[in-house]
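When you line the sequence shown up against our numbering, it's residues 66 to 187, in that order. Ideal placement from N, C-alpha and C gives every residue a C-beta, glycine not left out. A quick write-up on the structure given underneath.
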Amino acid sequence: MKTLKLVLVVTVMFCFVSSLSYAQNINKKGACRADIEKFCKDVQPGQGRLVQCVKQHEAELSPACKEQIDVDKEKARDFIKACKPDAEKLCKGVALGKGRIYRCLKANEAQLSPDCKTHFKK
Numbered sequence: 066m067k068t069l070k071l072v073l074v075v076t077v078m079f080c081f082v083s084s085l086s087y088a089q090n091i092n093k094k095g096a097c098r099a100d101i102e103k104f105c106k107d108v109q110p111g112q113g114r115l116v117q118c119v120k121q122h123e124a125e126l127s128p129a130c131k132e133q134i135d136v137d138k139e140k141a142r143d144f145i146k147a148c149k150p151d152a153e154k155l156c157k158g159v160a161l162g163k164g165r166i167y168r169c170l171k172a173n174e175a176q177l178s179p180d181c182k183t184h185f186k187k
């Protein structure tokens, strides 16, 4: 049971961090902006809708966008690896989903391990 919960925490954190990366790409005119405007222009941002739309059009994305997604996924993996112990320690009673683990970590930022702090998006 504990292993299942850990897998869920990691998955939720990954999804949330990935969603943040896509959102940042849109806001910063990143490599995926043109693809998102082309394939997902009618998609209301939030609750992972843009991420899902981009995934649905994965085969059609530009090489630059695909590369950016790979970079973002690697950053997410690094973040999860660095912050998983902190999430287990600081966010035990926090319900999964809707970015609650991420917000818990943010709220406890002063108590985060140095490794997690270096990977934490501000």
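Close Cβ partners of residue i (< 6 Å) along its chain, the five nearest in sequence each way excluded
i, result
"S127", "D100"
"P150", "none"
"L177", "D151"
"K182", "none"
Beta-carbon gap between residue i and residue j smaller than 9 Å
i, j, result
"E132", "A96", "yes"
"F185", "K163", "no"
"I166", "C156", "yes"
"C105", "C118", "yes"
"A147", "D180", "yes"
Residue environment, residue i, which counts as buried when at least 16 other CB atoms sit within 10 Å
i, result
"L161", "exposed"
"V136", "exposed"
"A175", "exposed"
Own chain, CB closer than 8 Å to residue i, minus 5 neighbours either side, in chain order
i, result
"R168", "none"
"N173", "D151, L155, C156"
"H122", "D100, F104, C105"
Handout entry: Contiguous beta strand (DSSP E) assignments of at least 3 residues, all confined to the stretch 115-142
Key = Here no run is fully enclosed.
Practice task
Please go through the stretch 155-187 and give each complete alpha helix (DSSP H) segment of 4 or more residues, from N-terminal end onward.
Solution key: Residue ranges of uninterrupted alpha helix (DSSP H) with 4 or more members, entirely inside the stretch 155-187 and ordered along the chain, are 165-172, 179-184.
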